[in-house]
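Going down the list, the protein sequences come from chains A and B. Taking my numbering, the leading residue of the first sequence gets 1, the next gets one more, and so forth. Taking my numbering, the leading residue of the second sequence gets 1001, the next gets one more, and so forth. We treat Cβ as the ideally placed atom computed from N, Cα and C, and that holds for glycine. Please read these numbers as outputs of a predicted model, since none were measured by experiment.
There are 2 protein chains.
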Amino acid sequence: MARAQTADFRSIALPDPLPLDSGRELADVQIAYETYGELNERRDNAIMVFHALTGDQFVASTHPMTGKPGWWERMVGPGKPVDTDRFHVICANVLGSCMGSTGPGSANAGGDRYAMNFPVITIRDMVRAQMRLLDALGIETLHAVVGGSMGGMQALSCAANFPERTQRVLAIATTARHSAQNIAFHEVGRQAIMADPDWRGGDYYGGEAPTKGLSVARMAAHITYLSEAGLTEKFGRRLQAKDGKPGAKSFGFDADFQVESYLRHQGIAFTDRFDANSYLYITRAMDYFDLAEEHGGRLADAFADASDTRFCLVSFDTDWLYTTADMREVVHALNAVAAPVSFVELSAPYGHDSFLLDVPALDRVVRGFIQ
Amino acid sequence: MARAQTADFRSIALPDPLPLDSGRELADVQIAYETYGELNERRDNAIMVFHALTGDQFVASTHPMTGKPGWWERMVGPGKPVDTDRFHVICANVLGSCMGSTGPGSANAGGDRYAMNFPVITIRDMVRAQMRLLDALGIETLHAVVGGSMGGMQALSCAANFPERTQRVLAIATTARHSAQNIAFHEVGRQAIMADPDWRGGDYYGGEAPTKGLSVARMAAHITYLSEAGLTEKFGRRLQAKDGKPGAKSFGFDADFQVESYLRHQGIAFTDRFDANSYLYITRAMDYFDLAEEHGGRLADAFADASDTRFCLVSFDTDWLYTTADMREVVHALNAVAAPVSFVELSAPYGHDSFLLDVPALDRVVRGFIQ
């Protein structure tokens, strides 16, 4: 069964239709969100955390469907680098996703699921929706916006398009522009979903979901989140133990290698918590992301009004999805507008996923910048 | 329709059953092959070219199904680096493939297609079959074996297992061991094929072939054949022109970006010429490839009997599939047995595919080593 769009997430209905980069507008937008820590009386201690492609609003609390801890509990919480004893942390499910915010799995005005009639959205549309959420919450200016990967794209987009809304921008393991290779990997995933006959042009709600296609898409993407060295260290060519016996080649097509079994599990587990159409829309938004193009072709112009914003940019040496070179382009653009920026490339073995994992140096960078 | 296994390829039936690494043996093996240039009277001027995963025996002559030039015409032919005016070049379709050599699409003794009853094979099995072909052709010793990518694996396997059969080994853009990341990408492809309902457990011959799954598999693999910089140079974020109009975002799921269109084309065109089950079996053989493991765990031991063989190894600086570091491991192993080896890392922008493309430095290396 396609997973149900449950209505029991905390959310706010935006009062006005949301204008979109496509020229369309979206009415009756719900934005689901979670908050952690108290908003102070001056309403100036709020930090917005933007989540990545398959993330959600449960940054520091248990995911209601998987029962797993929040996806960034190591970073966000009482006494943590993003300290909820001091800050009011807001994390919203992005527009287009499937954890309570309006997306292709939501009902349109006529009561039917949008499916592929949902408008194609952009990273800027996601940020626009979240600024509307801030309006609804009565928060004018953020202490900081923080995000890794697609969350970092939103952080940069926020700085470019809503520079007056935040004092600090912390963007981790991200890029100002999706590259041809980035687009190519996403296209493989989309084609895998669309090749699944259960996808049925997107109209699968209430029936079988295209779980096989979505699983293959997740597997392909997952490889890009890990470094070659990390995969070798974690799995190498080790074989799966079977029925209590040590691993041996099956000379068949079972998952002989641990890395195969791991990837299959990653793919299948993902389909329990994510909607395939949301995957299509959000990857499309990421592929469309090119902050320079949005601002006349020159990246520095994107940050023309952000010269009073403080920036902190972090890359990881083993991240081959969004590389240090990608990040340096952002640094150069910020330098060109004389925005205060600190940039660090951290060494960590986990590839792109380093921003989510145990990298104490990242904790220190985040704590130092946020305070 | 699943493509027919046509019988009009030039081939030889091996007289005896072929023993396989799995412990099984395969009877009635056909090996399809092409030759170029004359075999001399001493029968000592033969060079065997091994092809890559999706290659075939048509190294220097027109592919009979696609009508395209041979896949290495720039390297093999009269006056070319592998000079057919001087050498007798043999190129055989590998065991398990689908261009006339016995594979999962072939009929078994009962007249049915093997499909998934075909035994799982290894790179060494492929080489073993080709050594049997040499026996049938009355050629004892080769002037050289040459191959790139999986062809290079066969060349190294030949050196390790049949060192008396060749005087020279030229291995390009290859590795002695499939890494966890290599396996992971192949596993994505296999899962994409197996997720296609037209795959039907491999029994699709005579019906619809799993072209959608095979196409996704090819797309995922194809990304690994190209460098990030090469993709950026070739496509960047350029948009497809449509109906004579310059490219614009469709805000839809058409192939907006040129790289999407290119990949889709690569995927679909591949399904016209390749059998999905062969793709499963050959990728499995590559994943099983670990020359050290085959020889007690120490790579140098694989080459213990090859110390009189001359080796030339070539890697490309932008190849992230089989890297220079992978090749260095082979060099170190050959050094340990005091085999004569020359090694060069060439600079070329095309990633793994560089071995097939216009890299004049490679031509010079090949010509110099072969003569």
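- Taking every protein chain shown into account, the CB of B:His1178 has 16 or more other CB atoms within 10 angstroms, so this residue is buried.
- Here DSSP, grouped into helix, strand and coil, assigns A:Gly202 to helix.
- Taking the Cα of B:Leu1313 as reference, the smallest distance to any Cα among B:Val1076, B:Asn1108, B:Asp1008 and B:Ser1149 is reached at B:Ser1149.
- The C-alpha of B:Arg1367 lies about 49 angstroms from the C-alpha of A:Lys242.
- For the segment 189 to 204 of chain A, the set of positions with a beta-carbon nearer than 8 angstroms to some beta-carbon of chain B reads Arg190, Gln191, Ala192, Met194, Ala195, Asp196 and Pro197 in chain order.
- Near chain A, meaning a CB-to-CB distance below 8 angstroms, the residues of the segment 1278 to 1295 of chain B are Leu1280, Arg1284, Asp1287, Tyr1288, Asp1290 and Glu1293.
- Chain order gives the chain B residues near A:Thr232 as Ser1179, Ala1180 and Gln1181, where near means a beta carbon separation below 9 angstroms.
- Residues of the segment 18 to 29 of chain A whose Cβ lies closer than 7 angstroms to any Cβ of chain B, in chain order: Ser22.
- DSSP places A:Asp317 outside both helix and strand once states are collapsed to three, so it counts as coil.
- A:Ile282 carries a helical assignment under DSSP once its states are collapsed to helix, strand and coil.
- The segment 1259 to 1271 of chain B makes no contact with the segment 34 to 47 of chain A, as fewer than three CB pairs between them are under 8 angstroms.
- One finds Ile1183, Ala1184 and Glu1187 in chain B with Cβ atoms closer than 8 angstroms to the Cβ of A:Glu260, taken in chain order.
- Using a CB distance cut-off of 9 angstroms, A:Met126 does not count as an interface residue toward chain B.
- Contact with chain A is absent for B:Leu1299, since none of that chain's Cβ atoms lies less than 9 angstroms from the residue's Cβ.
- Taking each of B:Phe1355, B:Asp1353, B:Asp1317 and B:Phe1311 in turn and checking the Cα distance to B:Leu1334, the smallest one comes out for B:Phe1311.
- Contact between A:Phe235 and A:Val259 holds, since their C-beta atoms are separated by about 4 angstroms, short of 8 angstroms.
- Straight through space, the alpha carbons of B:Met1194 and A:Arg10 are spaced by roughly 40 angstroms.
- Residue contact check for B:Trp1071 against chain A: no CB pair falls below 9 angstroms.
- A residue is called buried when at least 16 other Cβ atoms come within 10 angstroms of its Cβ; A:Ser101 meets this threshold and is buried.
- For the pair B:Val1145 and B:Ile1047, the CB atoms are nearer than the 9 angstroms cut-off.
- By the rule that beta-carbons nearer than 9 angstroms mark a contact, B:Leu1095 does not touch chain A.
- Under the three-state reduction of DSSP, A:Cys98 is assigned to coil, being neither helix nor strand.
- Sorting B:Pro1246, B:Glu1034, B:Thr1066 and B:Glu1208 by C-alpha distance to the C-alpha of B:Val1059 places B:Glu1034 at the top.
- In the DSSP assignment, A:Ala229 falls within the alpha helix (DSSP H) that extends over Glu228 to Lys234.
- Cβ contact annotation for B:Phe1253 (same chain, cutoff 8 angstroms, sequence separation greater than five): none.
- Shown here, A:Met65 sits in coil according to DSSP, grouped into three states, outside any helix or strand.
- Excluding five sequence positions before and after A:Phe118, the CB atoms of its chain that fall closer than 6 angstroms to its own CB belong to Pro104, given in chain order.
- Among the residues facing chain A, B:Val1330 is not included, as its CB has no counterpart in that chain under 9 angstroms away.
- Take the alpha-carbon of B:Leu1134 and the one of B:Ile1370: they are about 19 angstroms apart.
- Taking a beta-carbon distance threshold of 9 angstroms, B:Val1120 counts as an interface residue toward chain A.
- Non-local beta-carbon contacts of A:Pro81 in its own chain, meaning distances under 6 angstroms to residues more than five positions away in sequence, involve Met75, Asp363, Val366 and Arg367 in chain order.
- Interface with chain A (9 angstroms Cβ-Cβ cutoff): B:Lys1212 is included.
- Residue pairing by DSSP puts B:Glu1025 in a beta bridge opposite B:Pro1019.
- The residues Asp305, Ala306 and Thr309, in chain order, have a CB closer than 7 angstroms to that of A:Pro163 in the same chain once the five nearest residues on each side in sequence are set aside.
- In the three-state reduction of the DSSP assignment, A:Phe343 falls in the strand class.
- In the same chain as B:Ser1347, and ignoring 5 residues on each side of it, the C-beta atoms closer than 7 angstroms to its own belong to Asp1317, in chain order.
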